[in-house]
Amino acid sequence: MMTLRQIRHFIAVAETGSISAAAQTAFISQSTLTLAIQQLEEDIGVSLFSRHAKGMTLTHQGHQFLRQAHLILATVDNAKRSLQQSTDQVAGQVTIGVTSLVAGYYLADLLTRFQRAYPNVAIRVMEDERPYIEHLLVSGEIDVGVLILSNLEDRHALQTEVLTHSPHRLWLPAQHPLLEHDSIHLSDVAREPLIQLNVDEMDRNAQRLWRGAGLQPNITLRTASTEAVRSLVAAGLGVSIQPDMTYRPWSLEGDIIEARPIADLNQTLDVGLAWRRGTARPASVDPFLAVAREQRHGGRKPSI
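For the sequence shown, the working numbering begins at 43 and goes up steadily by one.
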């Protein structure tokens, strides 16, 4: 039967991309981890990983199972919490501000887990641009923000905490010539037609990236839709640099999208929490912060 240990080992391999790196993370031998993954695949009857010389990548079924694996562990955590404390005694309302990219790719699982853990806390969500969410946080009109922290301006008035550092990778269509390269650099990308995502200040982040590299990208198309980026890349109309949190291996049309690291790009997209500094918070905010922190899987520790 499938075990929680196998699920945790599966997540470790999925997030690191190799048995050796996952073994170091989980503090177990590579042979033990390899056996656990093989037994898990036998138990569920599908191949979760594609094995290759550079490591392991998730199959389509593997991507589907990864989301369910996170939900399984979250459910177990909630069950433990329900035995340790009476969360149904916590009541009230928490008002959350989010930006659009975070709302689309990060919020649903967080709110689901919080609602399960604290069923008597009402959740109110406001989605808007980062400057307005920041204004509402400072003015006390919303309790906590879940947003991209990279471009925050009023850091003296806000306390922040990073939940995830999402690395950037290059999205390419199947059989693109760059897929044959042992390593890809920003100078390689600059020569390609580039599709730029212009939502949640992603264009601002991209400008900073290219300016720091001293390169001029060949931007041929700009769009505010991540799904449009996915479809355009899959159709072979360009490449795109996107954070891993938005990656899915197939477009809406069912065409495959490859993702490769960029050797000289270490910049991450930092998603996290923000709340007003130095003021008393509603009683329901601290439980929300605690549940959000549980969503942090691996990666670097908060640095802000």
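Cβ coordinates follow ideal geometry from the N, Cα and C atoms, glycine included.
- Can D31 and G139 be called in contact, C-beta distance under 8 Å? Because the chain in this structure spans residues 43 to 346, residue 31 falls outside the shown range and cannot be described.
- Task: Provide the residue(s) that pair with E203 in DSSP beta bridges, ordered along the chain.
- Result: L315
- Task: Assign R50 to one of three DSSP states: helix, strand, or coil.
- Result: helix
- Is R349 buried or exposed, if buried means 16 or more other CB atoms sit within 10 Å of its CB? Residue coverage of the chain in this structure runs from 43 to 346, which leaves residue 349 outside it and unanswerable.
- Any idea if A78 is buried or exposed, counting beta-carbon neighbours within 10 angstroms, 16 or more meaning buried? buried
- Quick one: what does DSSP say T67 is sitting in, helix, strand or coil? helix
- Roughly how many angstroms separate the alpha carbons of G108 and E336, rounded to a whole number? The sequence shown places Leu at residue 108, rather than the Gly named in the question. C-alpha separation (whole angstroms): 17 Å.
- Item | A64 versus G182: straight-line alpha-carbon distance, rounded | 42 Å
- Cα-Cα separation, E176 to A54: 34 Å
- Among L82, Q135 and A56, nearest to H105 - alpha-carbon criterion: A56
- Are the region 257–273 and the region 72–88 in contact at 8 Å, needing three or more beta carbon pairs? no
- Identify the continuous beta strand (DSSP E) that holds G320 and give its terminal residues. Run containing G320: none; DSSP gives neither H nor E here.
- Message: Taking the beta carbon of R342 as the centre, do at least 16 other beta carbons fall within 10 Å, making it buried, or is it exposed?
- Response: A caution first: R342 carries a pLDDT of 35, below 50, which makes its placement in the model too unreliable to give a value.
- Item | Assigned secondary structure, V132 (DSSP; H/G/I helix, E/B strand, else coil) | coil
- Could you pull out every unbroken alpha helix (DSSP H) segment of at least 4 residues lying fully inside the region 206–250, listed in chain order? 228–232
- Tell me, please, whether the region 296–307 touches the region 227–237 by the rule of three or more beta-carbon pairs shorter than 8 Å. yes
- Pair within 8 Å by beta-carbon distance, I49 and A111: yes
- Message: Which same chain residues end up closer than 7 Å to L274 when comparing Cβ atoms and leaving out the 5 residues on each side of it in sequence?
- Response: I237, L263 and G280
- With respect to the alpha helix (DSSP H) encompassing V186, which residues constitute its N-terminal and C-terminal limits? Careful: V186 lies outside any alpha helix (DSSP H), inside the beta strand (DSSP E) at V186 to I190.
- Message: Taking the beta strand (DSSP E) that I304 belongs to, which residues open and close that run?
- Response: From DSSP, I304 is part of no beta strand (DSSP E); its letter is neither H nor E.
- Hey, would you say H210 sits closer than 8 Å to Q284, going by beta carbons? yes
- C-alpha gap between A325 and A116, whole angstroms: 22 Å
- Query: Measuring CA to CA, which of P215, Q249 and R323 is closest to G296?
  - Reply: P215
- Task: Would you tell me roughly how many angstroms separate the C-alpha atoms of S192 and M43, rounded to the nearest one?
- Result: 43 Å
- Message: Taking 8 Å as the limit between beta carbons, can you name the residues of its chain near L348, skipping five residues before and five after?
- Response: Residue 348 lies beyond the residue range present for the chain, which begins at 43 and ends at 346; the question has no answer from this structure.
- Message: One question on the structure: do S208 and T310 come within less than 8 Å of each other, judged by their Cβ atoms?
- Response: yes
- Item | Best match in G87, S89, D85 and F52 for proximity to Q72 [C-alpha to C-alpha] | F52
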